[in-house]
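**Student:** Numbering (the UniProt record's numbering), first residue to last: 1 to 190.
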Amino acid sequence: MHKKLVFLFIGRTASGKSSLARYICETLGLRQVKSITTRLPRKDEITGYEDHYFVSESEFDEIKFKEGFVAYTEINGIKYGTTYNEIVNSDIYVIDPNGAKYLKEHCKDEFKFIEIYFSSPFELAKDRFLKRDGSEEEFYSRYNSEDEQFTKYEEAEGYDHLFVNDMSFSKAAEALCDLLKSEMEKEKSL
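(1) Please name the residue, chosen from F129, E185 and K104, that lies closest to Y72 on a Cα-to-Cα basis.
(2) Along the chain, where does the beta strand (DSSP E) that runs through G11 open and close?
(3) Would the beta-carbon of E86 fall within 8 Å of that of K34?
(4) Evaluate the contact criterion for the stretch 115-126 versus the stretch 158-178: three or more CB pairs, one atom per stretch, below 8 Å.
(5) Between L40, D178, K66 and F122, which has its C-alpha nearest K79's C-alpha?
(6) Reducing DSSP to helix, strand and coil, say where V33 ends up.
(7) Can you list, in chain order, the residues of its chain whose CB lies under 8 Å from that of S19, leaving out five sequence neighbours each side?
(8) Output yes or no for whether 8 Å exceeds the beta carbon distance between L130 and E123.
(9) Express the C-alpha separation of F139 and D147 in angstroms, rounding to a whole number.
(10) If the criterion is Cβ atoms closer than 8 Å, does the pair D96 and I10 meet it?
(11) Taking only three categories from DSSP, how would you classify A175?
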């Protein structure tokens, strides 16, 4: 039986994974998973338009109860979840290591997951975060709250590809497009 291919984009805060995912989807005609989250939208974010559906705690719990989540994680008190139907209809999922582990445990028979780990130099990630209207305090809070799960993930080296994002956006986008096209071609030949 042929399994649906889904790319998991995993990386610390401001590693470039979300911006690159949006670009890749637009360029290659792919669809990105939209998570349900209790996080407040950033400036210019519209619910359901790009990466997330923004909901209240009670709405989140209601969706979790009624539909169930195949991916779930909590970072710094903010909940993220994704339904099965959302995964079925998507190609790329920006997710953290704990969410990826949960997803693979619950959906390993239906999907082929290719994990791409995005790594960026610390100072570059901090600069990216500050440019998207975040404060240094917020950056350190996010970075520190996710540090344990990412340190374990990095040490385990369970990803399929390491993508060191220390280049310009256009070079990173080109390299990532090439990587995904190569993986999709491999999958077609099976």
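Cβ coordinates follow ideal geometry from the N, Cα and C atoms, glycine included. A quick note: this is a predicted structure, and the numbers were derived from the prediction, not measured.
**Tutor:** Taking the definition as stated:
(1) If you number the sequence shown from 1, residue 72 lands on position 72. Nearest option by C-alpha distance: K104.
(2) Here residue 11 corresponds to residue number 11 of the sequence shown, with the count starting at 1. Segment K4 to G11, the beta strand (DSSP E) holding G11.
(3) As a first step, residue 86 must be located in the sequence shown, where it is residue number 86. As a first step, residue 34 must be located in the sequence shown, where it is residue number 34. Closer than 8 Å, so yes.
(4) yes
(5) Position 79 of the sequence shown holds residue 79. That would be L40, whose Cα lies nearest to the Cα of K79.
(6) Taking the first residue of the sequence shown as position 1, residue 33 is located at position 33. DSSP, reduced to helix, strand and coil, places V33 outside both helices and strands of the structure shown, so it counts as coil.
(7) Taking the sequence shown and counting its residues from 1, one reaches residue 19 at position 19. The residues are F169.
(8) As a working mapping, residue 130 is identified with position 130 in the sequence shown. As a working mapping, residue 123 is identified with position 123 in the sequence shown. No.
(9) Numbered from 1 along the sequence shown, position 147 holds the residue referred to as residue 147. Numbered from 1 along the sequence shown, position 139 holds the residue referred to as residue 139. Whole-angstrom Cα-Cα distance: 12 Å.
(10) Your numbering for residue 96 matches position 96 in the sequence shown. Your numbering for residue 10 matches position 10 in the sequence shown. In this structure, I10 lies closer than 8 Å to D96 by Cβ.
(11) In the sequence shown, residue 175 corresponds to position 175, counting from 1. Three-state result, A175: helix.
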